[in-house]
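Chains H, D, C, S, Y and V supply the protein sequences, listed in that same order.
Take the first sequence: its position 20, counted from the start at 1, is 20 in my numbering, and no numbers get skipped.
Take the second sequence: its position 125, counted from the start at 1, is 1125 in my numbering, and no numbers get skipped.
Take the third sequence: its position 1, counted from the start at 1, is 2001 in my numbering, and no numbers get skipped.
Take the fourth sequence: its position 14, counted from the start at 1, is 3014 in my numbering, and no numbers get skipped.
Take the fifth sequence: its position 43, counted from the start at 1, is 4043 in my numbering, and no numbers get skipped.
Take the sixth sequence: its position 34, counted from the start at 1, is 5034 in my numbering, and no numbers get skipped.
All residues carry an ideal CB built from backbone N, CA and C; glycine is no exception.
Everything on this sheet refers to the single structure shown next.
Protein chains: 6
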Amino acid sequence: MATIELLTDENATPEACAVFDDIRATRQTDYVNNFWRAMANDPATMTACWDRLKQVMGPGSLDPLMKEMIYIAVSVANGCEYCVHSHTASAAAKGMSAEMHAELLAVIGLAAQTNALATAMQVPVDDRFKS
Amino acid sequence: MATIELLTDENATPEACAVFDDIRATRQTDYVNNFWRAMANDPATMTACWDRLKQVMGPGSLDPLMKEMIYIAVSVANGCEYCVHSHTASAAAKGMSAEMHAELLAVIGLAAQTNALATAMQVPVDDRFKS
Amino acid sequence: MATIELLTDENATPEACAVFDDIRATRQTDYVNNFWRAMANDPATMTACWDRLKQVMGPGSLDPLMKEMIYIAVSVANGCEYCVHSHTASAAAKGMSAEMHAELLAVIGLAAQTNALATAMQVPVDDRFKS
Amino acid sequence: MATIELLTDENATPEACAVFDDIRATRQTDYVNNFWRAMANDPATMTACWDRLKQVMGPGSLDPLMKEMIYIAVSVANGCEYCVHSHTASAAAKGMSAEMHAELLAVIGLAAQTNALATAMQVPVDDRFKS
Amino acid sequence: MATIELLTDENATPEACAVFDDIRATRQTDYVNNFWRAMANDPATMTACWDRLKQVMGPGSLDPLMKEMIYIAVSVANGCEYCVHSHTASAAAKGMSAEMHAELLAVIGLAAQTNALATAMQVPVDDRFKS
Amino acid sequence: MATIELLTDENATPEACAVFDDIRATRQTDYVNNFWRAMANDPATMTACWDRLKQVMGPGSLDPLMKEMIYIAVSVANGCEYCVHSHTASAAAKGMSAEMHAELLAVIGLAAQTNALATAMQVPVDDRFKS
Chain H
1 MATIELLTDE NATPEACAVF DDIRATRQTD YVNNFWRAMA NDPATMTACW DRLKQVMGPG
61 SLDPLMKEMI YIAVSVANGC EYCVHSHTAS AAAKGMSAEM HAELLAVIGL AAQTNALATA
121 MQVPVDDRFK S
Chain D
1001 MATIELLTDE NATPEACAVF DDIRATRQTD YVNNFWRAMA NDPATMTACW DRLKQVMGPG
1061 SLDPLMKEMI YIAVSVANGC EYCVHSHTAS AAAKGMSAEM HAELLAVIGL AAQTNALATA
1121 MQVPVDDRFK S
Chain C
2001 MATIELLTDE NATPEACAVF DDIRATRQTD YVNNFWRAMA NDPATMTACW DRLKQVMGPG
2061 SLDPLMKEMI YIAVSVANGC EYCVHSHTAS AAAKGMSAEM HAELLAVIGL AAQTNALATA
2121 MQVPVDDRFK S
Chain S
3001 MATIELLTDE NATPEACAVF DDIRATRQTD YVNNFWRAMA NDPATMTACW DRLKQVMGPG
3061 SLDPLMKEMI YIAVSVANGC EYCVHSHTAS AAAKGMSAEM HAELLAVIGL AAQTNALATA
3121 MQVPVDDRFK S
Chain Y
4001 MATIELLTDE NATPEACAVF DDIRATRQTD YVNNFWRAMA NDPATMTACW DRLKQVMGPG
4061 SLDPLMKEMI YIAVSVANGC EYCVHSHTAS AAAKGMSAEM HAELLAVIGL AAQTNALATA
4121 MQVPVDDRFK S
Chain V
5001 MATIELLTDE NATPEACAVF DDIRATRQTD YVNNFWRAMA NDPATMTACW DRLKQVMGPG
5061 SLDPLMKEMI YIAVSVANGC EYCVHSHTAS AAAKGMSAEM HAELLAVIGL AAQTNALATA
5121 MQVPVDDRFK S
């Protein structure tokens, strides 16, 4: 259960419905996922967040699949169940193979381990990494 | 200051020195960074960790630069100062451009934001993300 | 499922039951929520925690609703599902409006984003913030 | 040391300098803090972030000081040294008294403790918190 | 639901099945828990992880029960629901009493609180702790 | 630099000074570390925290050294630099050997890795772990 109502096209504001429509058009699907139905309670934040997401996650120096995988990495480290599920689904839809998923997880696991070790040992940053 | 001594080639064990040598050979540099000098206090864990790192971070379905960027993403989310510095330096050495760095940061920032929002709203995972 | 038994008024110790009673009297409700039924397994920690909670969350320089909202913010950042739910319910009971909730979430989301960006860029603290 | 250059008014782009100017005008000070000088490396993200910050942190159902205190709470839980310093300074500038600061810290500490306990015991969310 | 298939003895690779068998032999039970059935999708990481776990969690300067309790502490702080459950079960199987569990939780809760307070106050590390 | 003044015996309140004295008597040293000098700004929270610490960290089903090591584990996972340093020093003072420290770090690193993997794969908790 959410701490906030998941709004439908019937009870969301026109501003929120316009974002629903843009999500549908951008993704070429009728489905609007629960995150946005929850976000619809605050149309201003919803709009800012969706606009930003479209800008950030599109093609650039990094391709969209790579960005989804980075998104998964952050979501895992932050322990966000919803985001791990939704972005793993997005990455799969964008072509992440089982091999790529396995390598992503291996890097995430290794990084988590060395993050913990570096913190436990309070390793000082090498001067050469500071330039 | 570290919570553990940073070992030199003089006071590390032969097993740890062998890892130092392999680090030098693999990276083609004489420099061994502080993390490994701290890890040298426990040669068994050091060896397991270094062997794993060579296996995980090498070429595969994801290229090494991509893996470094995923490593940065995890390290940022885990708040590991040392790892953020060392892997940003590694990524730069592997060709991360300023544009790629900017896009990486934009994805990390956006993910952190939506992770927090999804957690705050306790959004239930859509059935379609579960298959 | 909890990793520990949720104790009832029948199987909790007298010390734990005394806390149950004080919770009921303080909140003016018969209901004792699951957190305290789990905490009842260790009456000493339960008592210390409940006494502290009464002292900390009462009126002061900050009003109780404001404190609940700060509690939500911490719970979100720590990814505690139980606490996000229970303190969102508490805040609502203390008068948090939909607008206040929306603003709280907007601040939490923004802070999470800039926390990540500041960590990723390892921004040095300005001298003027240190005094 | 940052992982990115802190840009001055001389080497930042015109778009970034326009944000510097807006920061100065909004805060009525000549000083632009390090976070924004680091963000200036990516003018698009910088602009989006600053625009959002102005919108979110201004007066509303919650007053600006309250928002700064929520920001501190999130920054502490996320372990962001820079943000803890900068937002504690901002809150002080907006009138946070020593008593308010003490109460803020007491709530943060208590929440961190019960977050950990609820997670350790995996307390199931009460049905009544789900509506 | 997992983001990856939980493999059975029928559809896992021979390499993964060999780890299943070693898990059964080591633990003297027929049961293989879900974590390893998920890990079986990447036999190389699975093998490295299982080998490391056998090495790290066995007897040494710290006894295996103590190690399980440290594992729980880390898992709680990282907010990993699965690991809190599985390692609490393991610790119980290795003889953790209700008193030991209560003391473990008390330490975890106290540490979480003072971690937050030290971070909020940005307490500088005492010189004497650095040697 | 702290976000709060580190109080001396001269400018702390009598209530805070009484805690300073109890710290000295309990630890049999003249030295009062920075955490308590910062906490002295809020004598009520300081007293509650110190009383709790004496109660929790003393001998019980777990010995004091074991508790210090659990404290380190939590502090590492929470990324608290101050607490990692101070409790590593405390553990050393209570007899933690280099071997014990190495084993502690190995468990912390392994747990961090499997926490991340379990979260990334969203492994469902086995029924048998729920009883």
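If you compare alpha carbons, which of the options is closest to residue i?
i: V/M5100; options: Y/L4006, Y/V4032, Y/D4063; result: Y/D4063
i: D/W1050; options: D/L1065, D/T1026, D/M1066, D/I1070; result: D/T1026
i: C/M2069; options: C/M2039, C/Q2055, C/S2086; result: C/S2086
i: H/C80; options: H/V19, H/F35, H/D9; result: H/F35
i: C/A2038; options: C/A2120, C/S2061, C/N2011; result: C/N2011
i: H/A93; options: D/R1128, D/M1046, D/L1006, D/A1092; result: D/R1128
i: H/G58; options: H/N41, H/A77, H/S90, H/T29; result: H/S90
i: S/T3088; options: C/V2125, C/Q2028, C/T2119; result: C/V2125
i: V/A5005; options: Y/L4104, Y/M4121, Y/S4131; result: For the sequence presented, residue 5005 of chain V should be read as Glu rather than Ala. It is Y/M4121 whose Cα lies nearest to the Cα of V/E5005.
i: Y/A4040; options: Y/T4029, Y/I4023, Y/V4056; result: Y/I4023
i: H/G95; options: H/Y71, H/D21, H/V76, H/L65; result: H/L65
i: D/K1054; options: D/V1019, D/L1105, D/T1003; result: D/V1019
Does any CB atom of chain V fall closer than 9 Å to the CB of residue i?
i: C/M2001; result: yes
i: S/A3038; result: no
i: S/L3105; result: yes
i: D/V1074; result: yes
i: S/A3102; result: yes
i: H/E68; result: no
i: Y/I4004; result: yes
Mark residue i as exposed unless 16 or more other C-beta atoms lie within 10 angstroms of its C-beta, in which case mark it buried.
i: D/T1008; result: exposed
i: C/A2098; result: exposed
i: V/P5043; result: buried
i: V/T5119; result: buried
i: D/T1029; result: exposed
I'd like to know if residue i contacts chain H, where contact means its C-beta is closer than 9 Å to some C-beta of that chain.
i: D/V1019; result: no
i: D/T1008; result: no
i: S/R3024; result: no
Report back the beta-carbon spacing between residue i and residue j to the nearest angstrom; my notes put them in contact at under 8 Å.
i: V/A5108; j: Y/V4074; result: Just to set this straight, residue 5108 of chain V is Ile in the shown sequence, not Ala. Correct: roughly 6 Å between the Cβ atoms.
i: V/V5123; j: Y/Y4031; result: At roughly 15 Å, the Cβ-Cβ gap does not stay under 8 Å, so V/V5123 and Y/Y4031 are not in contact.
i: D/A1102; j: S/T3045; result: 7 Å
i: V/K5067; j: C/M2001; result: Incorrect: roughly 27 Å between the Cβ atoms, too far for contact.
i: V/A5077; j: Y/A4077; result: 3 Å
i: V/I5072; j: V/V5056; result: Actually they do not touch by this definition, with Cβ atoms about 15 Å apart.
Is any beta-carbon of chain S found at less than 9 Å from that of residue i?
i: V/I5108; result: no
i: Y/L4065; result: no
i: C/P2014; result: no
i: D/A1116; result: yes
i: V/N5034; result: no
i: Y/E4099; result: no
Cβ of residue i less than 9 Å from any chain Y Cβ?
i: S/V3056; result: no
i: H/G95; result: no
i: D/S1086; result: no
i: H/G60; result: no
i: S/M3121; result: yes
Please confirm whether residue i has its beta-carbon closer than 9 Å to some beta-carbon of chain D.
i: C/Q2028; result: no
i: S/C3049; result: yes
i: C/A2077; result: yes
i: V/A5111; result: no
i: H/A44; result: no
i: Y/S4131; result: yes
i: H/A91; result: no
Does the region 1012-1025 of chain D touch the region 5100-5116 of chain V, meaning 3 or more C-beta pairs lie closer than 8 Å?
-> Per the Cβ contact rule, the region 5100-5116 of chain V is not in contact with the region 1012-1025 of chain D (fewer than 3 Cβ pairs under 8 Å).
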